[in-house]
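These notes are about the structure you will find just below.
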Amino acid sequence: MTEDPSSVQAERVEAEAYESMMQLAESAGIPGFRAVRSGTHVALIAPGLKKMLVFNRVLGLGVSGPATEAHIDELAALYAEHDLPWAIELSPHARPESVLQWLRDRRIRRGAASAVLMRASSDVPEGKSDLEIRPWRPEDEDAGAALAVDAFSVPQEAKALLAELPRSPKWRQWLALDDGTVVATGLLYLGDGVAWAGWEATRPDYRGRGLHGALISACLRDASLHGCTSVITDTAVGTPDRPDPSYQNHLRKGFEVLHLRHTYLAVPGVVAPA
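Below, the structure is given as structure tokens:
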């Protein structure tokens, strides 16, 4: 596949965002989260969250530079230290093409696909809502993080990590509030000219009221104000009969799909040496 500079940049910024997330946890003294960078990729490790692949996965493999078989073996050994299941988010632009065979040789199996999307931060459509939409304030404490943890069925150990992010100048958290109660949230990482958005969640009893779209618009405008000319995100796609709501909302806001990528799954005791 011909390399698309925007697709490659999107993978890099996402890896940078999650690396920043884990580093902030370490610097804040929040135990159990670590990022290990090895040249072209970042490995996220959270031994206490054994079933949460979002915190036990590899981003950016083979994107900024070619991967090697040694890289994959090093990653397998890293996660084996903690007896962790783990995953690789493999871009279709990962190099070399033989990386697919290297994964098969080690019994690392292909899982579901997700979409990586991008949109310019200019000409943002208005996000209409009858509720208050604003950025996080210190008095909000961990309300947004608590909502995200519940919405994504993430263990409570992750709440302190997510709550720490908006205290950093590199991160922004946007909230929708009903009479002072947080009912929707989203995170924005401010990279070098490109932002990453994620962890967008709406309380079930407030869905269908346009809050997600309003938060997307707010994040796009915020990214522009902070010097980011585009915003990237990733989301499940769903099926033709049941498209993913988040995917649909981003398309409505003008995001375009850069590429689909598959998650490759590795299970302790199953990964075999080549």
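Our numbering runs 184 ahead of the 1-based position in the sequence shown. All C-beta atoms in this analysis are idealised placements derived from N, C-alpha and C, irrespective of residue type, glycine included.
C-beta atoms of residue i and residue j nearer than 7 Å
{"i": "G244", "j": "E210", "result": "no"}
{"i": "A402", "j": "T386", "result": "no"}
{"i": "I493", "j": "A450", "result": "Missing from the structure shown is residue 493; the chain here goes from 185 to 458 and no further."}
{"i": "S305", "j": "A407", "result": "yes"}
{"i": "G311", "j": "G397", "result": "yes"}
{"i": "S191", "j": "L404", "result": "no"}
Span separating the alpha-carbon of residue i from that of residue j
{"i": "A219", "j": "E253", "result": "20 Å"}
{"i": "D314", "j": "T365", "result": "14 Å"}
{"i": "I229", "j": "N240", "result": "5 Å"}
{"i": "R294", "j": "P429", "result": "24 Å"}
{"i": "A330", "j": "P269", "result": "25 Å"}
{"i": "P189", "j": "D363", "result": "44 Å"}
{"i": "R436", "j": "E265", "result": "44 Å"}
{"i": "D326", "j": "A344", "result": "8 Å"}
Buried or exposed (CB count within 10 angstroms, at least 16 for buried), residue i
{"i": "G328", "result": "buried"}
{"i": "L444", "result": "exposed"}
{"i": "P350", "result": "buried"}
{"i": "L409", "result": "exposed"}
{"i": "A261", "result": "exposed"}
{"i": "T423", "result": "exposed"}
{"i": "V454", "result": "exposed"}
{"i": "Q193", "result": "buried"}
{"i": "R356", "result": "buried"}
{"i": "K235", "result": "exposed"}
{"i": "A347", "result": "buried"}
{"i": "S282", "result": "exposed"}
{"i": "G394", "result": "buried"}
{"i": "A297", "result": "exposed"}
{"i": "G377", "result": "exposed"}
Chain-order list of residues whose beta-carbon lies under 7 Å from that of residue i (same chain, five-residue window excluded)
{"i": "M185", "result": "With a pLDDT of 48 at M185, under the threshold of 50, the modelled position of this residue cannot be trusted, and the question is left open."}
{"i": "K354", "result": "S204, Y373, L374"}
{"i": "R221", "result": "E203"}
{"i": "Y431", "result": "A299, T419, A420, V421, G422"}
Option in the options with minimal Cα separation from residue i
{"i": "L359", "options": "V333, E258, L399", "result": "L399"}
{"i": "V247", "options": "L346, K312, G223", "result": "G223"}
{"i": "A342", "options": "I214, L371, Q207, L301", "result": "I214"}
{"i": "A199", "options": "L274, K235, D188", "result": "L274"}
{"i": "E258", "options": "G232, V378, M302, A227", "result": "A227"}
{"i": "P388", "options": "G232, S191, D334, A201", "result": "D334"}
{"i": "V300", "options": "D363, G382, I416", "result": "I416"}
{"i": "P322", "options": "A297, P339, S352", "result": "S352"}
{"i": "G370", "options": "T413, D418, Q340", "result": "D418"}
{"i": "A379", "options": "W286, N433, M302, P250", "result": "M302"}
{"i": "A251", "options": "L284, G232, A271, V238", "result": "L284"}
Within-7 Å CB hit, residue i to chain C
{"i": "S275", "result": "Included in the structure is just one protein chain, with no chain C present."}
Beta-carbon contacts of residue i that lie in its chain and below 6 Å, excluding the five residues immediately before and after
{"i": "L208", "result": "E348, S352"}
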